[in-house]
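Chemist: A single structure is presented below for examination.
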Amino acid sequence: MEWGAVEIGGGGFVSGIVTGQREMYARTDVGGAYKYNYETDRWEQLLGFLNEEDRGFLSVDAIAIDPTDDDTVYLLCGCAYFSNARTVIFRTRDGGKTFDEIDVTSMIQVHGNGDGRQCGEAIAVDPDNPDIIYCGGDVNSGSSALIWSQDGGDTWEPVKGYDDLGYYTNSINWPTWDESHFVKSITDGAYNNQNGVATIAISDGKVYVGTSVTGKANVVVADVG
């Protein structure tokens, strides 16, 4: 009798698939991110290098592909109850062979295994200028639920003016909720996830941001930059 290996899936579910000009990337709520390999007809794990301490980053909240280069990809990762609830952006410029890690926890936090994780991509690259990237989450200690980079993801800062819409709170305490606010994802004892950014799209010089607030417009638009 011969014994062989049987492939077993990692559980959870695929919460998003993002396609470029040719390449396809998938994100999962607890199992990392994958890239489709056309030669082997298989999906290959991209975050296998993570250790136990960083297991929270296996919760991938959003993916964005540079519209001009399928090999430049951004993964927005974080989990409310692992890895000290840190949120990072992994950037690859070689199709997932290597990654840079940019920590944005001081500005926003995401919960890739929370409610609404299948509702779209909360990070987007400007097709007219790939150095400009918008990213959204839930406010931590920063001043806006929406942040952006003007240098291809090297540095990030809050988007001025978005905070005036009243779509966030910077309280890190357990809040008192009322009917005018929806909860994107919440964990007792964790950070406040009030009115987080759910999805972002950029087209024709405009950036569109989707959120969830009762009684208000749930999609807002502004000029890029």
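Residue numbers (my numbering): 103 to 327. Virtual Cβ for every residue (Gly too), placed ideally from N, Cα, C. Quick caveat: nothing in here was measured; it's all calculated off a predicted structure.
1) Helix, strand or coil, according to DSSP, for residue 157 in the structure here?
2) Tell me whether residue 186 sits in a helix, a strand or coil according to DSSP, three-state version.
3) Which term fits residue 189, buried or exposed, when burial requires 16 or more other beta carbons within 10 angstroms of its beta carbon?
4) Does DSSP classify residue 326 as helix, strand or coil?
5) In terms of residue numbering, what span does the beta strand (DSSP E) encompassing residue 147 cover?
6) Going by the DSSP bridge assignment, what does residue 136 pair with across the sheet?
7) Would you call the stretch 232-240 and the stretch 210-217 touching, i.e. three or more CB-CB distances under 8 Å?
8) What did DSSP end up calling residue 274 once you bin it into helix, strand or coil?
9) Going by DSSP in three states, residue 284 sits in which element: helix, strand or coil?
10) DSSP three-state label for residue 239, please.
11) Taking a contact to mean a Cβ-Cβ separation below 7 Å, would you say residue 162 touches residue 148 in this structure?
12) Check for me: the beta strand (DSSP E) holding residue 180 runs from which residue to which?
13) Tell me whether residue 289 sits in a helix, a strand or coil according to DSSP, three-state version.
14) Starting from residue 306 and walking both ways along the beta strand (DSSP E), at which residues does that stretch end?
15) Whole angstroms are fine: how far does the CA of residue 159 sit from the CA of residue 133?
16) In angstroms, rounded to a whole number, what distance separates the CA positions of residue 307 and residue 171?
17) Return the CA-CA distance between residue 310 and residue 104, expressed in angstroms with no decimal places.
18) I'd like to know whether the C-beta atoms of residue 303 and residue 224 end up nearer to each other than 7 Å.
19) Comparing alpha-carbon positions, which option in 205, 117, 234 lies nearest residue 218?
20) In three-state terms, what does DSSP make of residue 251?
21) Can you tell me the Cα-Cα spacing of residue 249 and residue 135, whole angstroms?
22) Could you tell me the boundaries of the beta strand (DSSP E) in which residue 121 lies?
23) Beta carbon of residue 232, beta carbon of residue 168: below 7 Å?
24) Helix or strand or just coil, what does DSSP make of residue 232?
Modeler: To lay it out plainly:
1) It is helical.
2) Here residue 186 sits in helix by DSSP.
3) Taking every protein chain shown into account, the CB of residue 189 has 16 or more other CB atoms within 10 angstroms, so this residue is buried.
4) In this structure, residue 326 counts as coil in the three-state DSSP scheme.
5) Counted as a single uninterrupted DSSP element, the beta strand (DSSP E) harbouring residue 147 occupies residues 144-147.
6) Residue 136 pairs with 128, 147.
7) At 8 Å Cβ cutoff, the stretches touch.
8) Low local confidence applies: a pLDDT of 32 at residue 274 is under 50, so the model's placement there is unreliable, with the coordinate-based value given in what follows. It is coil, neither helix nor strand.
9) Note that residue 284 has pLDDT 29, beneath the 50 cutoff, so the model's placement of it is unreliable and the number below is only indicative. If DSSP states are grouped into helix, strand and coil, residue 284 belongs with coil.
10) Under the three-state reduction of DSSP output, residue 239 falls in the coil class, being neither helix nor strand.
11) No.
12) Segment 171-180, the beta strand (DSSP E) holding residue 180.
13) Bear in mind that a pLDDT of 34 at residue 289, under 50, signals an unreliable position, so the number given afterwards is only what the model happens to contain. Residue state, collapsed to three classes: coil.
14) Careful: residue 306 lies outside any beta strand (DSSP E) and carries neither H nor E.
15) Answer to the nearest angstrom: the Cα atoms are 9 Å apart.
16) So the two alpha carbons sit approximately 19 Å from each other.
17) Pairing residue 310 with residue 104, the inter-Cα distance amounts to about 57 Å.
18) For residue 303 and residue 224, no; Cβs fall outside 7 Å.
19) The candidate whose alpha carbon is nearest that of residue 218 is 117.
20) The DSSP-derived three-state label of residue 251 is strand.
21) Distance between the alpha carbons of residue 249 and residue 135 is about 22 Å.
22) Following the DSSP letters along the chain, one finds residue 121 inside the beta strand (DSSP E) bounded by residues 116-121.
23) Residue 232 is a Cβ neighbour of residue 168, given a cutoff of 7 Å.
24) Residue state, collapsed to three classes: coil.
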